[in-house]
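When we follow numbering that gives the first Met the number 0, the leftmost residue of the sequence shown carries the number 0, and every step to the right adds one. We put the beta carbon where it would ideally sit given N, CA and C, even for glycine. Predicted model, so just to flag it, every value in this text is computed and none were measured. Please read the structure below before turning to the comments.
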Amino acid sequence: MTELTANATEPTDELHWVAGPDELSEGDRKIVGVGPLEIGVFRVNGSYVAWRNVCPHAGAPVCRGRVEGMVLPSPVYQYEL
0 MTELTANATE
10 PTDELHWVAG
20 PDELSEGDRK
30 IVGVGPLEIG
40 VFRVNGSYVA
50 WRNVCPHAGA
60 PVCRGRVEGM
70 VLPSPVYQYE
80 L
């Protein structure tokens, strides 16, 4: 995955450069701005996963915290995403 599409309210055809295929090692992350959003891009189990950097429960940024396999706990209430 080298491109990312995101919009807060509706889909878009706009592509956003995130990283080249060798820029993220296993377990690494990169947080990028896409319009008004922050998106965390993770390399997990050889694949790339993207998540909006907001906990739906508490509104806290979640992509800067620890990652446990495919689980991203909220830094506020340990709500698991």
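Asked, Found
"Look up Leu108 in the DSSP assignment and say whether it is helix, strand or coil.", "Because the chain spans 0 through 80 in this model, residue 108 falls outside it and cannot be assessed."
"Since Pro60 and Val53 are thought to touch, with beta carbons under 8 Å apart, how far apart are those beta carbons, to the nearest angstrom?", "7 Å"
"Tell me which residues share the same chain as Arg28 and place their Cβ nearer than 6 Å to its Cβ, disregarding the 5 neighbours each side in the sequence.", "Gly39, Phe41"
"Over the uninterrupted beta strand (DSSP E) stretch that includes Ala81, give me the two end residues.", "The shown model of the chain, from 0 to 80, leaves out residue 81, and the question about it has no answer."
"Take Val43 and list the residues in its own chain whose beta-carbon comes closer than 8 Å to its own, dropping the five residues that flank it on each side.", "Glu25, Gly26, Val66, Gly68, Met69"
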